[in-house]
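Student: I have a structure here, written as structure tokens, and I will follow up with some questions on it.
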Amino acid sequence: MQFKVVFEDKNLIVVEKPQGMPCQKDPTGDPDLQSLVYEYLLKSSEKPVLNLINRLDRPVGGLVLFGKTAEATKRISKDLVGRNIKKDYLAVVNGAPGEEIASLTDYMVKLKSVNMSVIASPDDHDAKEARLSFKLLESVQAEEGALSLLNIRLKTGRHHQIRLQLSNYGTPVWGDTKYNPLFKNAKEWVDISLWAYKLEFVHPIKRKNLLLYSFPPEKSPWSFFESTLEMLKEGLH
Numbered sequence: 230m231q232f233k234v235v236f237e238d239k240n241l242i243v244v245e246k247p248q249g250m251p252c253q254k255d256p257t258g259d260p261d262l263q264s265l266v267y268e269y270l271l272k273s274s275e276k277p278v279l280n281l282i283n284r285l286d287r288p289v290g291g292l293v294l295f296g297k298t299a300e301a302t303k304r305i306s307k308d309l310v311g312r313n314i315k316k317d318y319l320a321v322v323n324g325a326p327g328e329e330i331a332s333l334t335d336y337m338v339k340l341k342s343v344n345m346s347v348i349a350s351p352d353d354h355d356a357k358e359a360r361l362s363f364k365l366l367e368s369v370q371a372e373e374g375a376l377s378l379l380n381i382r383l384k385t386g387r388h389h390q391i392r393l394q395l396s397n398y399g400t401p402v403w404g405d406t407k408y409n410p411l412f413k414n415a416k417e418w419v420d421i422s423l424w425a426y427k428l429e430f431v432h433p434i435k436r437k438n439l440l441l442y443s444f445p446p447e448k449s450p451w452s453f454f455e456s457t458l459e460m461l462k463e464g465l466h
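No gaps in the numbering here: position 97 of the sequence shown is 326 in my numbering, and each next residue is one more.
Okay, structure coming up:
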């Protein structure tokens, strides 16, 4: 399982993380993205610097950003905290949203013991605000019922945020074995239909706008939305 380099210069590297690969080393000991990218950089540098900027859940594929210098990492991390990096995701969900465009605000608490998060009261001292917006791109009817393709703009970065908020909204992500009741008892690995497909930010050193994108694999259930995804690609070129 390898990664694809989407952008690289002496300050940054952005790669496409395969689904099922952890961003960093974890107790499983499975190959992780940061270690593989570090090995890649060793081919051109004896002591590369590599700092992970944005993380993705292990089941999620898509764009991951790393800093290659201390100064670039410092500046881009500041932009991330200041919400100056636009992060968009694509998701196939079960059901059809009642709105074409919507903003969701919830309060979440992370349950470390079971590696999940839950919706909580704003009064809970452990709760953190979670905000996202989405746009409905297309809905279709499949054997299992309605499926919808969403473009999601993440505005905060909470644990399992998109997965939990969409499930709470009534449109859980297809293939999500933690938050989608249809898949909680899955006996085999299912690729979740959530993909970090677009990053837009100002280069921390050159101060030029960067728009980077990556699209999910051409397989079910993404294939239900082939035409819409192709138009989305064309609009980014």
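Idealized CB from N, CA, C, for every residue including glycine.
In this structure, does DSSP put ARG179 in helix, strand or coil?
Tutor: Residue numbering for the chain in the displayed model covers 230 to 466; residue 179 lies beyond these limits and cannot be assessed.
Student: Threshold first: 3 residues or longer. Then list the beta strand (DSSP E) segments lying entirely within the stretch 337-368, N to C.
Tutor: Counting whole runs of 3 or more residues, the stretch 337-368 contains the beta strand (DSSP E) stretches 345-348.
Student: Ignore the nearest five residues each way along the sequence and tell me which others in GLU373's own chain have a CB closer than 8 Å to its CB.
Tutor: ASN323, LEU411
Student: Span of the alpha helix (DSSP H) holding SER456?
Tutor: Note, SER456: alpha helix (DSSP H), 455-465.
Student: Check whether the Cβ atoms of ILE421 and GLY404 sit closer than 8 Å, and answer yes or no.
Tutor: yes
Student: Could you pull the DSSP bridge partners for LEU439 from this structure?
Tutor: PHE430
Student: Hey, PHE430 and LYS246 are a contact pair by Cβ (cut 8 Å); roughly how many whole angstroms apart?
Tutor: The pair is not a contact, with the Cβ atoms about 18 Å apart (cut-off 8 Å).
Student: Counting along the chain, where does the alpha helix (DSSP H) carrying VAL278 start and finish?
Tutor: No alpha helix (DSSP H) holds VAL278; DSSP gives it neither H nor E.
Student: What's the C-alpha gap between LYS357 and VAL289?
Tutor: 22 Å
Student: In whole angstroms, give me the CA-to-CA distance for LYS437 and MET337.
Tutor: 35 Å
Student: With ILE282 as the anchor, note down where its beta strand (DSSP E) starts and where it stops.
Tutor: Run containing ILE282: none; DSSP gives neither H nor E here.
Student: Between which two residues does the beta strand (DSSP E) containing ILE242 stretch?
Tutor: Residues 241-246.
Student: Which residues mark the beginning and the end of the beta strand (DSSP E) in which GLU237 is found?
Tutor: 233-237
Student: If you draw a straight line from the C-alpha of SER368 to the C-alpha of GLU329, how long is it?
Tutor: 10 Å
Student: Can you give me the start and stop residues for the alpha helix (DSSP H) that VAL266 sits inside?
Tutor: 262-270
Student: Note down the Cα distance separating ASP286 from GLU275, rounded to an integer number of angstroms.
Tutor: 30 Å
Student: Is ILE421 helix, strand or coil by DSSP?
Tutor: coil
Student: Let me make sure I understand the geometry here. Which of LEU271, ASP259, SER306 has the alpha-carbon closest to that of LEU281?
Tutor: Comparing alpha carbon positions, the residue from LEU271, ASP259, SER306 closest to LEU281 is SER306.
Student: Looking only at DSSP bridge pairs, what is SER332 linked to?
Tutor: SER362
Student: Buried or exposed, going by whether 16 or more other CB atoms sit within 10 Å of the CB of THR302?
Tutor: buried
Student: Do you know offhand how far LYS297's Cα is from LEU279's?
Tutor: 5 Å
Student: Go ahead and label HIS389 buried or exposed: buried means 16 or more other beta carbons lie within 10 angstroms of its beta carbon, across all protein chains shown.
Tutor: Buried: at least 16 other Cβ atoms inside 10 Å.
Student: Does the pairing of the stretch 234-252 with the stretch 438-445 give three or more beta-carbon distances under 8 Å?
Tutor: Segments in contact, yes.
Student: State yes or no: is the C-beta of PRO251 within less than 8 Å of the C-beta of LEU262?
Tutor: yes
Student: Check LEU395 in the structure and name its three-state DSSP category.
Tutor: In the structure shown, LEU395 sits in a helix (DSSP, three-state: H, G or I).
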